[in-house]
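Under our numbering, residue 460 is the last one in the sequence shown; the count climbs by one each step, no gaps.
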Amino acid sequence: MNPVKVGLLGLGTVGGGTFNVLSRNADEISRRAGRGIVVSHAAAREYDAGGLPGIDGIDVGDDAFALVQNPDVDIIVELIGGYEPARELVLQAIANGKHVVTANKALIAMHGNEIFAAAQDKGVMVAFEAAVAGGIPIIKALREGLSANRIEWLTGIINGTGNFILTEMRDKGRDFSDVLKEAQALGYAEADPTFDVEGIDAAHKLTILASIAFGIPLQFDKVYTEGISRITRADVTYAEAFGYRIKHLGYTRRTQQGIEMRVHPTLIPERRLIANVDGVMNAVLVNADAVGPTLYYGAGAGSEPTASAVVADIVDIVRTLSCDPGNRVPHLAFQPDAITDIPVLAMDDIETAYYLRMQVSDKPGVMAEVASILGDGGISIEAILQKEPPAGVDQASIILLTHVVQERQMNDAIEQIEALESIHGDIMRIRLEHLNCD
Ligand code: HSE
């Protein structure tokens, strides 16, 4: 049988890794797929030929639109990233009857509903394992391995750059911008690194995970998104004093009222395995009714870890080329006519616990005023810490943890506390999740 021909759009960090893994492990991969798989074409404006042994043997051009029309190519692998022209290229590839593999989380989160509908009409596959958590096969686990379960909630460290920055700040006291530069040099960071540090990249990935977990349409615009740039070294230290770590989490949960979808820095108990996922590594913790908690850990970014997921998708497609399209694994795990529009909760309606840090005048009665506002708002305090001011300074820090309340209650309380004369500046609020799996 002739080998399946793959056309790569992009020969950068992930494209190069995909080319190298497919070439290096060609025999092993064809034994798994049941057919040879070759990269026959690529489209790239620039690439490092020195790092791609064998690239001279394939047809490399710079016209991605010509490649998606090329009748000799069976599978298009989109590794350009970003919304456009990636969307147009993928839709054209589908219209031309080609299967598509993409690592593009922004594309799937934003345009996935349209892309999957087009693929469904045309009877082709669009595979996107590499779009979430790099080399961790989390899409496969959720869509197939956990298909017996009702998923209750999942959470993940799903941005390697952000986790790398928080880890280096905590362990080595390094400067935020210095660590970010290193992540960029290592090829972890997005083209626009604010996507990493402001949580947009994690929100793209959470959108995809929530859809597959709960069988809901992709709704990136409904994810609450907050980045790590406000986190200070002091917060990391105080969290540790209470037995918590601060991690930048994507979190989605099914409640009676609807689905929570949120990305924000979060205190989690340091004894949880996921609290100990450091550096550029990613992890996703899924709590499901039959199996209970399962944790998936691995490299969330980087050339060959991401290529590992891309190549696995290519193998999956090759294995099912002759299948009736109706018998393939559905794009969003649930059959397209069984996707349901469960409401996504507004941030005011979510429930969580909180870490609050405030700067107060060091005088009698302040703690009582704060406690009284919290008590009147139905907010119960779990722990409290007061740091004495250094000699000559008349302001102290109060740090407290609360029990779970509705975000709306906490917003009201924070507004009232910030209005007190004895409170200085804004209150630092970080959400806290216990991640109990009972
Ligand atoms: N910028 C992303 C990260 C790359 O740091 O996780 C992988 O999606």
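All C-beta atoms, glycine included, are put in the ideal place defined by N, C-alpha and C.
If we define contact as Cβ-Cβ less than 8 Å, is A140 a contact residue for chain C? The chain labelled as chain C is not found in the depicted structure, where only one protein chain is given.
Would you mind sorting T183 into buried or exposed? The rule is 16 or more other CB atoms within 10 Å of its CB. buried
R430 versus D448 - alpha carbon distance: 17 Å
Output the distance between the C-alpha atoms of T424 and V245, rounded to the nearest integer angstrom. 24 Å
Quick one: Cα of A141 to Cα of N135, how far? 10 Å
Three-state secondary structure (DSSP) of N42: helix
Thinking C-alpha only, which one of I137, G119, I102, E174 is nearest Q278? E174
For L105, is the classification buried or exposed, using 16 other Cβ atoms within 10 angstroms of its Cβ as the cut-off for buried? According to the sequence as given, residue 105 is Tyr; it is not Leu. By the neighbour-count rule (16 or more Cβ atoms within 10 Å), Y105 is not buried but exposed.
Exposed unless 16 or more other CB atoms sit within 10 angstroms - verdict on E443: exposed
Buried versus exposed call for H121 [16 or more other C-beta atoms within 10 Å across all chains shown]: buried
By C-beta, the residues closer than 6 Å to any heavy atom of ligand 1, given in chain order: G156, N181, G182, T183, Y210, A211, E212, D218, D223, G322, A323
CB I372 to CB H270, shorter than 8 Å? no
Could you give the distance in angstroms between the alpha-carbon of E204 and the alpha-carbon of Y377? 30 Å
Taking DSSP's pairing of strands, which residues face Q408 in a bridge? I420
In the DSSP assignment, what residue or residues form a beta bridge with E100? L31, T124
In angstroms, rounded to a whole number, what distance separates the CA positions of T229 and G157? 18 Å
Where A55 and R172 are concerned, what is the direct C-alpha to C-alpha distance, given to the nearest angstrom? 31 Å
If you draw a straight line from the C-alpha of L30 to the C-alpha of I98, how long is it? 6 Å
Quick check on this structure: which residue in S62, V61, I77, V60 has the alpha carbon closest to the alpha carbon of E68? I77
Starting from the C-beta of I80, find all residues in its chain whose C-beta is less than 7 Å away, skip the five residues before and the five after it, and write them out in chain order. V61, S62, H63, A64
Pull up the DSSP beta-bridge partners for V382, would you. A418, I445
Within 10 angstroms of the Cβ of K194, are there 16 or more other Cβ atoms? Answer buried if so, exposed if not. exposed
If we count the other Cβ atoms within 10 Å of its Cβ and call it buried at 16 or more, is A139 buried or exposed? exposed
DSSP state of N309, grouped into three classes? strand
Thinking just about the alpha-carbon of each residue, which of I406, I253, V366, I336 is nearest to the one in I238? V366
Starting from H226 and walking both ways along the alpha helix (DSSP H), at which residues does that stretch end? 222-236
DSSP three-state assignment for R275, whether helix, strand or coil: strand
Going by the CB atoms, is the gap between P287 and Y266 shorter than 8 Å? no
Uninterrupted alpha helix (DSSP H) stretches inside the stretch 120-169 (no shorter than 4 residues): 127-144
Test item: CB-CB of S419 and V36 under 8 Å: no
Please give me, in chain order, every unbroken run of the alpha helix (DSSP H) with length at least 4 that falls completely inside the stretch 321-353. 325-341
In terms of residue numbering, what span does the alpha helix (DSSP H) encompassing V258 cover? 255-263
Just verifying my parser: in three-state terms, what is the DSSP assignment at V90? helix
Which residue comes first and which comes last in the beta strand (DSSP E) that contains I290? 281-291
What is the rounded straight-line gap between the Cα of N42 and the Cα of A321? 18 Å
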